[in-house]
Structure formats: structure tokens, C-alpha cells
Amino acid sequence: MARAGPEYREWNSELIKPKKLLNPVKASRSHQELHRELLMNHKRGLGMDRKPELQRVLEHRRRNQLIKKKEEELEAKRMQCPFEQELLRRQQRLNQLENPPQREEDHAPEFIKVRENLRRITTLTSEERAL
Numbered sequence: 000m001a002r003a004g005p006e007y008r009e010w011n012s013e014l015i016k017p018k019k020l021l022n023p024v025k026a027s028r029s030h031q032e033l034h035r036e037l038l039m040n041h042k043r044g045l046g047m048d049r050k051p052e053l054q055r056v057l058e059h060r061r062r063n064q065l066i067k068k069k070e071e072e073l074e075a076k077r078m079q080c081p082f083e084q085e086l087l088r089r090q091q092r093l094n095q096l097e098n099p100p101q102r103e104e105d106h107a108p109e110f111i112k113v114r115e116n117l118r119r120i121t122t123l124t125s126e127e128r129a130l
């Protein structure tokens, strides 16, 4: 196979020289304008270190939701009378006092739970015998 290098084209002038095909996207006017605008912005330093538009919109929406939620919570606290606030505090204290024993039981090893169940069973059977 003979490669058509530049030296081959020079000494054979009878051959038709191929023209480079244009990329239709790059040849379009809108693409050229967009490319020119991007180059200008890059030279000016605009648009650097910016987040994509979708990401900015999503962050803005999340931020607005958090602000709205906090405002609603504050408004709910303002709307409560002192009596309701005191009732809530007492209820929270009671819940805290009731919940820790349950948590301790959940964290107890399995053999301790089984042993306690066996004790209950043996005490129940001895009481049934006494009846």
C-alpha cells in the first residue's frame, strides 16, 4: 500500500487534490457565536468555578425549604400558649424516663433474657403446683 504523503502530491500534479470537508456544526453561525462568547467569557474570567444551573436551582430550592420549615416551627412555638409548652415539656420528661429502661433491656445479652424467662416459667409452674 502506498501512502499519499505530501511529497507524493507535489510531484504528481495531474491528481485531483481532496478538499477538507467542513463540519456542519462548526460551520453554523450560531455555533461560531457561541464559541466566540465562550472565549470572551473565559478571557474575562466570567463563568469560572460556577456550578451548573440545575445544581444551583436544586440548592436554592433546598435552602428555601429549610428556611420555610424553620419558620413554620418557630411560628408553631409562638402560637402555643405557656400552658401547652409546659405540658409538652412534662410529656418529654416522662418519655425520657420511660424510654431508658426499655433501651437497657434491648441491649442486654441474649442469655440474660433467656435466664429471666426461665425464672418466670419456673415461678409460674411452682405457683400452679401450690394451687
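Numbering of the sequence shown is given in numbering that gives the first Met the number 0, commencing with residue 0 and proceeding in unit increments. We put the beta carbon where it would ideally sit given N, CA and C, even for glycine. As the structure is a prediction and not an experimental result, all values here were calculated from the model.
_Continuous alpha helix (DSSP H) stretch holding N63: start and end_ = E52 to M78
*asked:* Rounding to the nearest angstrom, what Cα-Cα distance links R92 and R55 in this structure?
replied: 42 Å
*Could you check where the alpha helix (DSSP H) with E36 kicks off and where it finishes?*
R28 to R43
*Please state whether DSSP places S12 in a helix, a strand or coil.*
coil
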